[in-house]
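Beneath this line is the structure, given in structure tokens, with notes to follow.
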Amino acid sequence: LALVLTGACALAQTGAQTTGMQVPATSPALPTGFTAPSGYGDSVYPALGDAGLDVTHYDLSLRSDPGVDRLTGRAVLSIVARQTLSQLNLDFAGPQVLGVKLDGKAVRHAQVGEKLLVLPPVSIASGTAFTLTVSYSGTPALHLDASSGGGLRLGWIAQAGGSYVLSEPDGAHTFFPCNDVPADGASYSLHLNVPAGTTAVASGVQTRQQTGGGRVYTDFQLAQPIPTYALTVHTGHLQLQTQPGPAGIAIRNAFPVGLPGTVRAAFDQTPAMLGFLAGWFGPYPYPVYGVAVSEDPQLPALETATLSTFPSRPEAPVTALHELAHQWFGDDLRLGDWSDIWLNEGFATYAELLWAEGQGEATAPILERWYARLKREPARGLIATEPAQLFDASSYFRGALTLHALRLKVGDDLFRQIVRTYAARFSGRSVRTTDFLNVVRELGSAAAVETLRPWLTGPALPPLPEAPLAQS
Ligand code: ARG
Ligand code: ZN
Numbered sequence: 018l019a020l021v022l023t024g025a026c027a028l029a030q031t032g033a034q035t036t037g038m039q040v041p042a043t044s045p046a047l048p049t050g051f052t053a054p055s056g057y058g059d060s061v062y063p064a065l066g067d068a069g070l071d072v073t074h075y076d077l078s079l080r081s082d083p084g085v086d087r088l089t090g091r092a093v094l095s096i097v098a099r100q101t102l103s104q105l106n107l108d109f110a111g112p113q114v115l116g117v118k119l120d121g122k123a124v125r126h127a128q129v130g131e132k133l134l135v136l137p138p139v140s141i142a143s144g145t146a147f148t149l150t151v152s153y154s155g156t157p158a159l160h161l162d163a164s165s166g167g168g169l170r171l172g173w174i175a176q177a178g179g180s181y182v183l184s185e186p187d188g189a190h191t192f193f194p195c196n197d198v199p200a201d202g203a204s205y206s207l208h209l210n211v212p213a214g215t216t217a218v219a220s221g222v223q224t225r226q227q228t229g230g231g232r233v234y235t236d237f238q239l240a241q242p243i244p245t246y247a248l249t250v251h252t253g254h255l256q257l258q259t260q261p262g263p264a265g266i267a268i269r270n271a272f273p274v275g276l277p278g279t280v281r282a283a284f285d286q287t288p289a290m291l292g293f294l295a296g297w298f299g300p301y302p303y304p305v306y307g308v309a310v311s312e313d314p315q316l317p318a319l320e321t322a323t324l325s326t327f328p329s330r331p332e333a334p335v336t337a338l339h340e341l342a343h344q345w346f347g348d349d350l351r352l353g354d355w356s357d358i359w360l361n362e363g364f365a366t367y368a369e370l371l372w373a374e375g376q377g378e379a380t381a382p383i384l385e386r387w388y389a390r391l392k393r394e395p396a397r398g399l400i401a402t403e404p405a406q407l408f409d410a411s412s413y414f415r416g417a418l419t420l421h422a423l424r425l426k427v428g429d430d431l432f433r434q435i436v437r438t439y440a441a442r443f444s445g446r447s448v449r450t451t452d453f454l455n456v457v458r459e460l461g462s463a464a465a466v467e468t469l470r471p472w473l474t475g476p477a478l479p480p481l482p483e484a485p486l487a488q489s
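Just add 17 to wherever you are in the sequence shown, counting from 1, and you've got my numbering.
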């Protein structure tokens, strides 16, 4: 989503008071033999994930029917133990679990709150690779978004004509058991099963399609690791539109049948945007890109990997550009911790200015709008400490102005080199703010890093960075 600059933006409310801790509403009793899980250690969402797990691949089979709020699935997780494991603590607020197998053998499990706890018969040694197979069927839980004060439903969402997924930050575990922290990226295989006459489309490259028994089976592969929230699946009466794009990238859009041209129009410039952003950031990280438009006119746009998710309402082309920029910053380079969210939102927002500039538009009014917006709200440094800050004005506009301050300090050529080096070095990996600062120091200078400090640490809002006066 590109945050609107005027009017009330439900996603950037500053009034919402939430604490940084994700405390389950109830603390359900644990069945005997199980212990209370500790999370992965994310500073904003400490309860999510399991620090002992490195999930390298998710193989997901999902069966669904339009208009039916029910999902039948099988998830095969390829996991490497990062520590000795006496219990596995996956996130899952999904349908009822029917069975869990560890390397093919049935094991004890318990669904407690939004966790799926699994007891291996004997402890798993650190470094061991194993698979966990989880079968489930039922209705995905209603999971509300703490980052927007509970005003948004996340995860797998059934609609009259199909379904879509909207997971950022923590909705993925409504439809598959996972280590639901962005730090733990994984590749995906998807096997989607929907009624014949319905289309299923997902993140990744379509590898197979087969029809039989009144069902259509479609497979997708995503070889590059992405954060869990960036995985998407859309089903429904969708029209797929494909065309060759620049640099061998396939362009693939999924639009609900009958979608007005005014909604599609925002995506007309995808080929040009791909070329333009590759010029600043380096090669686009995936073999395919496009958008899936949901039936829902309300949801925020989301940078789901290879297939960004949009509401069915006319959006500005710059929002399309924003989600495309996130494919580099958010999806390919994923957050090591939610507190570093500006590395996603600041970069995607700054890409909007780069694009406007490339289109010959004046950039001063954009910078002034961003700055005016920041001045209307309490200032904070860039490192987020609680869910309500993830998608606030500071993540977007202070983040973007931080990059602008850097660009003015080092000049366009070096700025481009810094951003490209950062994107290339951390492709497929998780990033923290220090990773970016290290590239700035290495290619730029210690002074360039110092330019960024007041933006990062705050809370006071530094003056709007100004371009040096042109020599005449
Ligand atoms: N990352 C999305 C974007 O800026 C915004 C997601 C908002 N999500 C939310 N749960 N409020 O493109
Ligand atoms: Zn964004």
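Built from N, CA and C at the ideal position, the CB exists for glycine as well.
Report yes if the CB atom of residue i is closer than 9 Å to the CB atom of residue j, and no otherwise.
i	j	result
Y62	P404	yes
G155	R80	no
L119	A127	no
A334	V310	It is worth fixing the name first, because residue 334 is Pro in this sequence and not Ala. No; because the gap between Cβ atoms is not below 9 Å, this pair is not in contact.
F163	D187	For the sequence presented, residue 163 should be read as Ala rather than Phe. A contact, by the Cβ cut-off of 9 Å.
R99	T150	no
L473	T450	yes
W345	L399	no
State the Cα-Cα distance for the pair residue i and residue j, rounded to the nearest angstrom.
i	j	result
V466	I243	28 Å
A203	G144	17 Å
F298	R433	7 Å
L324	T49	43 Å
N106	L319	27 Å
E378	V182	35 Å
S220	A322	6 Å
M38	N361	Below a pLDDT of 50, predicted positions are generally treated as unreliable, and M38, at 43, falls in that range; the measurement from the model is reported next regardless. Near 22 Å, if we compare the C-alpha coordinates of N361 and M38.
L418	Y367	7 Å
R424	D430	9 Å
P300	G461	22 Å
V40	L65	Residue placement at V40 cannot be trusted, given a pLDDT of 46 that sits under 50; the coordinates are not used to answer.
E385	L481	8 Å
S180	G353	29 Å
D201	D71	6 Å
G231	G428	60 Å
A68	V135	15 Å
H208	F237	7 Å
H339	L370	10 Å
R281	R269	13 Å
A46	E131	13 Å
Q490	A271	The requested residue 490 is not part of the displayed model; the chain covers only 18 to 489.
A283	E332	6 Å
Y342	G296	Here residue 342 is Ala; the residue named in the question, Tyr, does not match the sequence. Near 12 Å, if we compare the C-alpha coordinates of G296 and A342.
T438	A484	24 Å
Going by DSSP, which residues form a beta bridge with residue i?
i	result
Y181	I174
N210	R80 and Y234
G296	According to DSSP, G296 bridges with nothing at all.
V222	Q238
Y303	Answer is none; Y303 lacks a bridge partner.
Q258	N270
Q227	Y234
G353	Beta-bridge pairing links G353 to no other residue.
L70	A98
G253	T216
Runs of beta strand (DSSP E) lying entirely within the stretch 73–131, each at least 3 residues, in chain order: Qualifying beta strand (DSSP E) stretches, in chain order: 88–98, 105–108, 113–119 and 125–129.
Validate contact between the stretch 187–200 and the stretch 101–119 using beta carbons, cut 8 Å, 3 pairs: Result yes; three or more Cβ-Cβ pairs closer than 8 Å.
The stretch 435–448 / the stretch 391–398 touching (three or more Cβ pairs under 8 Å): Short answer: they don't touch.
At least three beta-carbon pairs within less than 8 Å, the stretch 247–266 to the stretch 280–293: Here the stretch 247–266 makes contact with the stretch 280–293; the two share three or more CB pairs at distances below 8 Å.
Cβ contact (3+ pairs, closer than 8 Å) linking the stretch 71–78 and the stretch 89–99: By the Cβ test, the stretch 71–78 is in contact with the stretch 89–99, since at least three Cβ pairs between them sit closer than 8 Å.
Whole runs of the alpha helix (DSSP H) within the stretch 413–482, excluding any shorter than 4 residues: Listed in chain order, the complete alpha helix (DSSP H) runs (minimum 4 residues) inside the stretch 413–482 are 416–427, 429–442, 450–456 and 463–474.
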